[in-house]
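Undergrad:
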Amino acid sequence: MERIKCGCGHVNPHGTLLCEACGRSLTGTGAPELLDMRYEGSARRSQTYNKTFIDKVWNFFSSVKVGIWLIVITLIASGIGTIFPQKMYIPQFVPASEFYEQKYGWPGKLYYILGFHELYSQWWYMILIALIGVSLVVCSLDRAVPLFRALKAQRVDRHESFMKGQRIFGITKGENFDEAVKAVKRNLKKKRYRIREENHAILAEKGRFSRWGPYVNHIGLIIFLFGAMLRFFPGMYVDEVIDIKEGERKEIPGTDGEYYLENKQFILEVYDEKENEAFSEALKKTGDVAKNYQTDVVLYKRKGERVPGAEAGLIKEKEYSIQVNNPLKFDQYAIYQMDFKTVLSAMNFVLVEKETNEPLGEINISLDNPKMRYNLGNGYTVEILKYYPDFDLDDEGLPVTLSRDPNNPAFVFEMYTPDKPEGEISLVAIQQTVEPVGENKYKMQFAGIETKTVSILALRKDLTLWIFALGGLIFLIGLSLGSYWNHRRIWIQQRGPDIWLAAHTNKNWYGLKRELQTVLAGTGINEPEDRNEKKGK
Amino acid sequence: MAELSSNLLMIAFILYLSAIPFFGGAIRQKNISKTEKPLKIWATVAIFLTMTGFAAHLGYFITRWLAAGHAPVSNLFEFITFFGLCTVGAFILIHFLYRTPVLGLAVLPVVLIIIAYAGMFSRDISPLIPPLQTYWLQIHVITVALGQAILAISFAAALIFLVKKVDQTRRNKSNVWLEVVLFLMLSVVGFIVVSVLFNAFHYSAVFQWTNQFGAEESVEYGMPPLIGPNEGQLVKGQFEPFLEAPAIIDAKKLNTVIWSLSTGIILYILTRFIFRKRIGAALKPLTGNINEDLADEISYRSVLIGFPVFTLGALVFGMIWAQIAWSRFWGWDPKEVWALITWLFYAAFLHLRLSKGWHGERSAWLAVIGFAIIMFNLVAVNLVIKGLHSYAGA
Ligand code: HEM
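In the order they appear, the protein sequences are chains Z and L.
For any residue, its number in the working numbering is found by taking its place in the first sequence, counting from 1, and adding 1195.
For any residue, its number in the working numbering is found by taking its place in the second sequence, counting from 1, and adding 163.
1. Expressed to the nearest angstrom, what Euclidean distance is found between the alpha-carbon atoms of L/Lys197 and L/Trp422?
2. So, helix, strand or coil for L/Arg525, using DSSP?
3. Judging by CA-CA distance, which residue of Z/Met1358, Z/Gly1572, Z/Leu1555 is the nearest neighbour of Z/Trp1695?
4. Could you check how far apart the C-beta atoms of Z/Lys1708 and Z/Asp1725 are, in whole angstroms? I think they sit under 8 angstroms.
5. Name the residue from L/Phe259, L/Phe240, L/Leu295 whose alpha carbon lies nearest to the alpha carbon of L/Ile276.
6. State yes or no: is the C-beta of Z/Arg1406 nearer than 7 angstroms to some heavy atom of the ligand HEM?
7. Measuring CB to CB, does Z/Gln1349 end up less than 8 angstroms from Z/Glu1215?
8. Could you give the distance in angstroms between the alpha-carbon of Z/Phe1311 and the alpha-carbon of Z/Lys1469?
9. In three-state DSSP terms, what is L/Ala555?
10. Using three-state DSSP, classify Z/Val1484 as helix, strand or coil.
11. How is Z/Gly1666 classed by DSSP in three states: helix, strand or coil?
12. Using a C-beta cutoff of 8 angstroms, does L/Trp528 count as contacting chain Z?
13. I'd like to know whether the C-beta atoms of Z/Leu1420 and Z/Ile1324 end up nearer to each other than 8 angstroms.
14. Consult DSSP for Z/Arg1391 and reduce its assignment to one of helix, strand or coil.
15. If you measure from the beta carbon of L/Thr474 to each beta carbon in chain Z, is any gap under 8 angstroms?
16. Any heavy atom of the ligand HEM inside 7 angstroms of the beta-carbon of Z/Arg1403?
17. Look at the alpha carbon of Z/Gly1691 and the alpha carbon of Z/Glu1393, and state the distance between them as a whole number of angstroms.
18. Step through the CB atoms of chain Z and report whether any lies within less than 8 angstroms of the CB of L/Lys519.
19. Looking at the unbroken alpha helix (DSSP H) that takes in L/Val479, where does it start and where does it end?
20. Could you give the DSSP three-state label for L/Arg441: helix, strand or coil?
21. Just verifying my parser: in three-state terms, what is the DSSP assignment at L/Asn540?
22. What residues in its chain sit with their C-beta under 6 angstroms from that of Z/Thr1718, if we drop five residues either side in the sequence?
23. With 16 other CB atoms within 10 Å as the buried threshold, where does L/Leu309 fall?
24. Counting only the same chain and skipping the five closest in sequence on each side, list residues whose C-beta sits under 7 angstroms from that of Z/Lys1486.
25. May I ask whether a heavy atom of the ligand HEM can be found less than 7 angstroms away from the beta carbon of Z/Val1259?
26. Can you tell me which of the three DSSP states Z/Ile1285 falls into?
27. Look at L/Thr213 and L/Tyr261 and say whether their C-beta atoms are less than 8 angstroms apart.
28. Using CA atoms only, rank isn't needed, just tell me which of Z/Arg1387, Z/Glu1557, Z/Asp1483, Z/Tyr1582 is closest to Z/Ile1625.
29. When the cut-off is 8 angstroms and only beta carbons count, does L/Val479 lie next to chain Z?
30. Which residues mark the beginning and the end of the beta strand (DSSP E) in which Z/Val1649 is found?
31. Whose C-alpha, out of Z/Thr1243, Z/Cys1203, Z/His1699, is nearest the C-alpha of Z/Glu1197?
32. Quick one: residues in its chain with C-beta nearer than 6 angstroms to the C-beta of Z/Lys1566, no 5 flanking neighbours on either side, listed in chain order?
33. Look up Z/Phe1544 in the DSSP assignment and give the residues it is bridged to.
34. Could you check which residue in Z/Gln1317, Z/Asn1382, Z/Trp1407 has the C-alpha nearest to that of Z/Arg1344?
35. Using a 10 Å radius around the Cβ and a threshold of 16 neighbouring Cβ atoms, would you call L/Ile195 buried or exposed?
36. Would you say Z/Gly1677 touches the ligand HEM, meaning its beta carbon is less than 7 angstroms from a heavy atom?
Written out as structure tokens, the structure reads:
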């Protein structure tokens, strides 16, 4: 591509506005009053080419305006997503299609229809995030490369028009400034400027690395977004819920039968007023406050190969108390305490003769794994013909079970007694008894329940975490570089009897001016003026 | 210990209050004489009072920590008071960078409102529920508050800029919006005034009402019901409400908002009546001496300092904690989403300023909006949109 040779001899890439070395304007329009110093007038691809389709796409994504629009649209969409709760936070027993309309009226219905109830997994929301990512990459490449080229090529003695085009610029008229310049140099060194000198010209510079800041932080963001993308690959991310009863041992889902977990007990503790009297007021008002949710578990590992149909041989790996904020970690997995619930575990019934109400024996039915036949002695036997763990009636009025969880257990009993040896049938559900084949002499009377606590645990494997951590770390480093340091440059030239001084910073002009004040104090060189300020007044 | 703690907070409040006239004196002095000395004395006393107040405020924080056994950042009262503490801290820091007394004149009243606002919530020391029992609570919340406080300074500087810059000779869009911002600040004062008032009279009204699922509920109002709940029956209390809210709206909160805004309107009219001009116009002379560019730079600089702190506290530490406590570092909980929105907003702010050259007035408005988002997250999201972060019992 054609290159531009400046009067100073430096050869600049096509599209350069200010000579990389001496700072002279190359556009031929003459220097404007104040130079735009943002990218040192370097040749940015987006400003130079606009012919092919690729150029146009590149230019679109390298525009900060487009970037800002993408950010603002994402921001507004995210906000709308919080007007009503997301689907994952609504009660599970109501279907979402009804919940939003019922609770919030027509706005809720609209919300549901437009998909805002699952906003953050909508395809268009993900595309927005992806577009921000593309924009970040293009934008950064478009600027970073030419900017650092220019900063590297910069010469010490800048052109007259460059000096005059700086926002902070001043001329001190006079004669011999050798002493003054020496003093200024000393002061600048004290302020940790790096000083270069050429033909009566000085360039003092510090904090150039801070110009890397935005690009470093953008790289961090890109790595972070990359991590989010990786989650869609199988095996990188596992997320399972484990419901496990006290006393139960089960295979841990998602581990391919390699690990088993046993729940020894679930512990719920509440705060006691006596522990810390500072809490007594609060506890009086709110009642019990939970202090600890804990599941004591034993982790087992399978021994040898998995044999279908056979109970695996297990080796005890670890005993652990899982608490909130204290997950059990093993291999690449972690198990978290999420929640708990109380469920029915057993029901007791007594066989009675209806007329006399005489008890003839009690049975205890385990609801997970009920025994089908109970011998009560003296010729009394009870059989379970049918068991409905989650009892309901279907459209035709026939008994069905909605699930395998004992939420609403019901039984069809057959009672064999010495005087009714052929048996009597009755259906017993909570608070109702039906005798489908005529009036019975005996009944199964409800005699109490037993409950157990189910720990609700979450199993996670997340091989992408370190990528997020790395991205976050790089982002923070870049952000700090760009925010807490500034790139300051001061040019001093002896032109004949006069001293020219110009200065530039990428941000925090007030700080630069204060620094100039101290550096120039007592040297006889005038403080340059801030031409923005003059213009503003 | 808890007693001492409350007293220290009271002392801090009084010290901040007494610093305000001195900051006022510091900027007035310059008008009268050009000599440096008296100016310095006013400003020195003002900053001294502020720092003593800060020490007392810090004392409150430490003693309460000792009493509770955990960092007092676990409920709304504690968080907001701590946010006030950080704001004063950030102000002191910025003050020593730029030495502009007028900033104190803007920040300290805001801090007073913040502390008083905090006092409207339950001040009991409450025990920590299991998810909060970790040092990440302290690390996360303290950094967030610090970041937000620095961003609050950016708001204060922007406000100064706007008061100074906005043309008050004729009504225009800018000065009307400025009045809106000032009016909203007065409404917070309004909220505090009515809360204190009705609290002093132990006002209470209880309704029996029907929610959107047709179930009966009862609700207790702390302010006379202008708006009653759906099919509400007054069980206790005197006034019948004028209007009834539909079932899907939280009538009690709406009622509080209406009371606060109404009181805000009264306060606003009163102020207009006293000064006989827009509040913005009445405040304008106070900013006579400040350099516009400086106010603009302080505002921008505060964003630049505060944004990384906010990112670290709200997003990074928040994510680490969420990963440990809830097994996922991000869950689209409303409070999380609003932290993300705040972050995106300030990112957009920085880009607009850097690339589109949005300096001065536009930049100041952005700083105001940014702070409004932070306040929205603090107030509305906590109280209205309930999620994992809503502090229990607040
Ligand atoms: C949420 C996403 C983003 C964040 C958090 C972010 C953050 C930042 C920060 C903190 C700066 C430094 C600003 C300053 O020092 O005042 C910056 C600069 C910049 N950003 Fe971004 N950015 C994001 C997205 C983007 C996008 C999508 C683009 C592309 C259009 C972009 C283009 C730029 C440019 C061109 C600069 C200026 C670099 C310079 O002049 O040295 N950023 N960004």
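Here a beta-carbon is modelled for each residue, glycine too, at the ideal position from N, C-alpha and C.
Predicted, not measured: the structure shown is a model, and the values here were computed from it.
TA: The structure says:
1. Confidence at L/Lys197 is low in this model, with a pLDDT of 46, below 50, so its placement is unreliable and the value that follows should be read with caution. A straight-line Cα-Cα distance of about 47 angstroms links L/Lys197 and L/Trp422.
2. The answer is helix: DSSP assigns L/Arg525 an H, G or I state.
3. Closest by C-alpha distance to Z/Trp1695, out of Z/Met1358, Z/Gly1572, Z/Leu1555, is Z/Met1358.
4. 6 angstroms between Cβ atoms; contact.
5. Of all alpha-carbon atoms in L/Phe259, L/Phe240, L/Leu295, the one lying nearest the alpha-carbon of L/Ile276 is that of L/Phe240.
6. A heavy atom of the ligand HEM is found nearer than 7 angstroms to the CB of Z/Arg1406.
7. Going by C-beta atoms, Z/Gln1349 is nearer than 8 angstroms to Z/Glu1215.
8. Cα to Cα, the separation comes out at about 47 angstroms.
9. Bear in mind that the predicted position of L/Ala555 carries a pLDDT of just 33, short of 50, making it too unreliable to give a figure here.
10. In this structure, Z/Val1484 counts as coil in the three-state DSSP scheme.
11. Three-state DSSP puts Z/Gly1666 in a helix.
12. It does not; no Cβ of chain Z falls within 8 angstroms.
13. In terms of Cβ geometry, Z/Leu1420 and Z/Ile1324 form a close pair [threshold 8 angstroms].
14. Z/Arg1391: strand per DSSP, three-state reduction.
15. Yes, its Cβ sits closer than 8 angstroms to a Cβ of chain Z.
16. Result no, Cβ not under 7 angstroms from the ligand HEM.
17. Z/Gly1691 and Z/Glu1393 have their C-alpha atoms spaced approximately 15 angstroms apart.
18. With 8 angstroms as the cut-off, L/Lys519 counts as an interface residue toward chain Z.
19. For L/Val479, there is no enclosing alpha helix (DSSP H), as DSSP marks it with neither H nor E.
20. In this structure, DSSP gives L/Arg441 a state outside helix and strand, which the three-state scheme calls coil.
21. Helix at L/Asn540.
22. Cβ within range, chain order: Ala1375, Ala1378, Val1379.
23. Buried, since its Cβ has 16 or more Cβ neighbours within 10 Å.
24. Excluding residues within five positions, the ones whose Cβ falls inside 7 angstroms are Glu1464, Val1465, Tyr1466.
25. For Z/Val1259, the distance from the CB to the nearest heavy atom of the ligand HEM is below 7 angstroms.
26. Here Z/Ile1285 sits in coil by DSSP.
27. Cβ distance not < 8 angstroms, so L/Thr213 and L/Tyr261 don't count as in contact.
28. For the options Z/Arg1387, Z/Glu1557, Z/Asp1483, Z/Tyr1582, the alpha carbon positioned closest to that of Z/Ile1625 is the one of Z/Tyr1582.
29. A Cβ of chain Z is located within less than 8 angstroms of the beta carbon of L/Val479.
30. It spans 1637 to 1657 - the beta strand (DSSP E) in which Z/Val1649 sits, taken as one unbroken run.
31. Nearest to Z/Glu1197 by alpha-carbon distance, out of Z/Thr1243, Z/Cys1203, Z/His1699, is Z/Thr1243.
32. Excluding residues within five positions, none has a Cβ falling inside 6 angstroms.
33. According to DSSP, which records beta bridges pairwise, Z/Phe1544 is partnered with Z/Ile1558, Z/Phe1641.
34. Of Z/Gln1317, Z/Asn1382, Z/Trp1407, the residue nearest in Cα terms is Z/Trp1407.
35. At L/Ile195 the pLDDT is 43, less than 50, meaning the model places this residue with poor confidence; the figure from the coordinates comes in the next sentence. Its Cβ having fewer than 16 others within 10 Å, L/Ile195 is exposed.
36. Z/Gly1677: yes, Cβ under 7 angstroms from the ligand HEM.
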